[in-house]
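Participant: Sharing a structure here in C-alpha cells format.
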Amino acid sequence: NSNVKHELLKRLFEANGAPISGQEFADEYGLSRTAIWKYIKEFEEEGYEIASIRKKGYVLLSSPDRINAANIQQHLKTDHYGKIIHYYESCPSTQLIAHDAAQANADDGTLFVAEEQTAGKGRMSRPWNSAAQKGIWMSIVIRPSLMPHQAPQMTLVAAVAIVRAIEELTGIEPTIKWPNDIMISGKKMTGILTELQADPDRVKAIILGIGMNVNQTEEDFPIELKSIATSLRLEGGQVVDRSRLIAEILYYLELYTTMYEKHGFSPIKLLWESYANIEGKRIRAVMLNETIEGSAIGISDDGLLELKMDDGSVRAIFSADIEI
Ligand code: BT5
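Going by full-length UniProt numbering, the first residue of the sequence shown is number 2, and it counts up by one from there.
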C-alpha cells in the first residue's frame, strides 16, 4: 500500500540519521517485518541509500537526486501549497496535465513536477528545453480570489517569489526581466508561464508554469541556447538541491500570493522593482503587431510596463518580448 510506504519514507527522513525500528513500524500498521523489508528494498532500487543496523532498525543515509513528493515534502513549510504532489519521471508538459487537473477541480496548491519534459512549452507555444534531472519543470494550480484582469500580475508575484527563494538558498542574486524572465549575468535561467481558467467575473484557477535551469553545465544546453541560457550551477559553481529549492519557491509563492490577494499589487510592485532595475533603461518591446522603443519608467500599479516614448508620450504594455 503506497500510503504506508510513503509514511515509512517520511519517518526515515524525519529521524534525521537515527534508526527507525522495522518491528515497531510493522506493529503500528499491522504488517509483517518482511513487508517492511520489501519497502526498504524498493527504496534502495529507487536510489535511496539505507543502512540496516542490527537490533536498531533502518537509517536513511542519502536520497537520490529526484524531485519526487517525499524529497520535496521533507523541506516543505507551507500551509497548503505542495501538500499534493504529482510526480513524473518524464511527461510531455506539466502545464497540460495541470490544466486538465484544474478543470477536474484539483485543490489550490496542487503541484505537478517532472524530471523531464518531452514537449515543454513557453509563451505562444514556443519550445521550452527541459533536460532530464537538470532543472525544475513544474506547474502549480492556484485558486486565488482575484478578478481575471489581475491574473497577469501573478507572473510578477511568481518572479519575486522565485528570486527570493534563490537568494535564500544559494546567495545568488538574479534579476527579473519583465514580464516573465529571471536572468543571471544577462542570460535566462528561469521562464514563467501564467495561464488562466476564468469566469467573466472571477479567476477559477491560475496554472503557473515554472521552468528553471538548475544543474546544467555548458554541454547540457543545445547549441541555440548556449549564448542565451544559464543555470544556477553555471553561475554559482555548485550543484543545487532541487527538492529544497522547490520547497523554498512554494513557501514564497504562497506568502506573496496571499499578500497580493489581501493587500493588492502595491507591496508586490515594491518587491518587484527592487529586483528588476529597469528604470531609465532604453528598451525595445517586440509585440505581435508592432515593435516600439522608449525608455523604461517602471511598472504601473497593475503590473504593465510603462515606456516613455521619444515624443514624450507614455505607453503601457501588457505583454511583449523585451530587448534592453
Ligand atoms: C517562457 O516562455 O519563458 C515560459 C517557460 C515556461 C516553462 C515551464 S516548464 C513547466 C511548465 N510546463 C511547460 O510546458 N512549460 C512550463 P518564453 O518567454 O516564450 O520563452 C521561450 C524562449 O526561451 C524559447 O523560444 C527559447 O528561446 C528560450 N528557451 C527555451 N528553453 C530554454 C531554457 N531551458 N532556458 C533558457 N531559455 C530557454
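Ideal Cβ placement from N, Cα and C applies to all residues, glycine included.
Going by DSSP, name the residue or residues bridged to Asp-302.
Facilitator: Looking at the DSSP assignment, Asp-302 forms no beta bridge with any residue, so it has no partner.
Participant: Return the chain-ordered list of same chain residues with a C-beta closer than 6 Å to the C-beta of Gly-295, the five sequence neighbours on each side being excluded.
Facilitator: Taken in chain order, the residues that qualify are Leu-308, Lys-309, Met-310.
Participant: From the DSSP secondary-structure annotation, give me the bridge partner or partners of Ile-292.
Facilitator: According to the sequence as given, residue 292 is Thr; it is not Ile. Note: Thr-292 sits in a beta bridge opposite Val-287.
Participant: Report the CB separation of Thr-79 from Tyr-252 in whole angstroms; it is logged as a contact under 8 Å.
Facilitator: Their Cβ separation, rounded to whole angstroms, is 5 Å, which keeps Thr-79 and Tyr-252 in contact under 8 Å.
Participant: Return helix, strand or coil for Met-310, following the three-state DSSP convention.
Facilitator: If DSSP states are grouped into helix, strand and coil, Met-310 belongs with coil.
Participant: Do Leu-246 and Ile-141 come within 9 Å of each other at the CB atom, strictly closer than that value?
Facilitator: No, they are not a contact pair.
Participant: In chain order, what residues of the same chain have a beta carbon less than 7 Å from the beta carbon of Lys-84, not counting five sequence neighbours either side?
Facilitator: Gly-110, listed in sequence order.
Participant: Could you give the first and the last residue of the continuous beta strand (DSSP E) run that contains Trp-138?
Facilitator: Its beta strand (DSSP E) spans residues 136-143.
Participant: Could you check whether Leu-10 and Tyr-49 sit closer than 9 Å to each other, using their CB atoms as the reference points?
Facilitator: Cβ atoms of Tyr-49 and Leu-10: closer than 9 Å.
Participant: Relative to the alpha-carbon of Val-215, which residue among Ala-206, Lys-189, Gln-198 has its alpha-carbon at the smallest distance?
Facilitator: Out of Ala-206, Lys-189, Gln-198, Lys-189 has the C-alpha closest to the C-alpha of Val-215.
Participant: Taking buried to mean at least 16 other C-beta atoms within 10 Å of its own C-beta, is Pro-180 buried or exposed?
Facilitator: Buried, because 16 or more other Cβ atoms sit within 10 Å of the Cβ of Pro-180.
Participant: With 16 other CB atoms within 10 Å as the buried threshold, where does Arg-165 fall?
Facilitator: Label assigned to Arg-165: buried.
Participant: Taking 8 Å as the cut-off, is the CB of Pro-128 close to at least one heavy atom of the ligand BT5?
Facilitator: Yes, Cβ of Pro-128 sits closer than 8 Å to a heavy atom of the ligand BT5.
Participant: Is Thr-95 near the ligand BT5, going by C-beta to nearest heavy atom under 8 Å?
Facilitator: Result yes, Cβ under 8 Å from the ligand BT5.
Participant: So, under 8 Å CB-CB, Ser-244 and Ile-68 are touching, yes? Tell me the CB distance rounded to an integer number of Å.
Facilitator: Indeed, because the Cβ distance is near 5 Å, the residues count as touching under 8 Å.
Participant: Just to confirm the assignment, what range does the beta strand (DSSP E) spanning Lys-189 have?
Facilitator: Element bounds for Lys-189: 188-200.
Participant: Return yes when the Cβ of Asp-242 is within less than 9 Å of the Cβ of Leu-170, no when it is not.
Facilitator: Result yes, Cβ atoms of Leu-170 and Asp-242 sit closer than 9 Å.
Participant: Excluding the five sequence neighbours on either side, which residues of its own chain have a C-beta within less than 6 Å of the C-beta of Ser-63, listed in chain order?
Facilitator: Taken in chain order, the residues that qualify are Glu-50.
Participant: Shortest alpha-carbon distance to Lys-122 belongs to which of Ala-277, Pro-149, Cys-92, Ile-185?
Facilitator: Looking at the Cα atoms, Cys-92 is the closest of the given residues.
Participant: Would you mind stating whether Leu-209 and Glu-196 have Cβ atoms separated by less than 9 Å?
Facilitator: Contact: yes.
Participant: Starting from Ile-269, follow the beta strand (DSSP E) in both directions and report where the run begins and ends.
Facilitator: Taken as a continuous stretch (DSSP letters only), Ile-269 belongs to no beta strand (DSSP E), being part of the alpha helix (DSSP H) at 267-277.
Participant: Is the beta carbon of Ala-132 less than 9 Å from the beta carbon of Phe-113?
Facilitator: Not a contact, by the Cβ cut-off of 9 Å.
Participant: With distances taken Cα to Cα, identify the nearest neighbour of Ala-107 among Tyr-89, Glu-90, Ser-22, His-81.
Facilitator: Comparing Cα-Cα distances from Ala-107 to each of Tyr-89, Glu-90, Ser-22, His-81, the minimum goes to His-81.
Participant: Using a Cβ-Cβ cutoff of less than 8 Å, which residues in the same chain neighbour Val-204 once the five nearest sequence positions on both sides are dropped?
Facilitator: Cβ within range, chain order: Arg-144, Pro-145, Ser-146, Leu-147, Met-148, Pro-149, Gln-151, Ala-152, Leu-197, Gln-198.
Participant: Where Met-125 and Asp-312 are concerned, what is the direct C-alpha to C-alpha distance, given to the nearest angstrom?
Facilitator: Distance between the alpha carbons of Met-125 and Asp-312 is about 31 Å.
Participant: State the DSSP-derived secondary structure class of Tyr-89, mapped to helix, strand or coil.
Facilitator: Here Tyr-89 sits in strand by DSSP.
Participant: Is it buried or exposed for Met-155, if we count other Cβ within 10 angstroms and need 16 for buried?
Facilitator: Result: buried.
Participant: Considering only C-alpha positions, which residue in the set Ile-323, Leu-256, Glu-291, Ile-293 is nearest to Ile-279?
Facilitator: Selected option, being the one with the closest Cα: Ile-323.
Participant: Check Leu-256 in the structure and name its three-state DSSP category.
Facilitator: In this structure, Leu-256 counts as helix in the three-state DSSP scheme.
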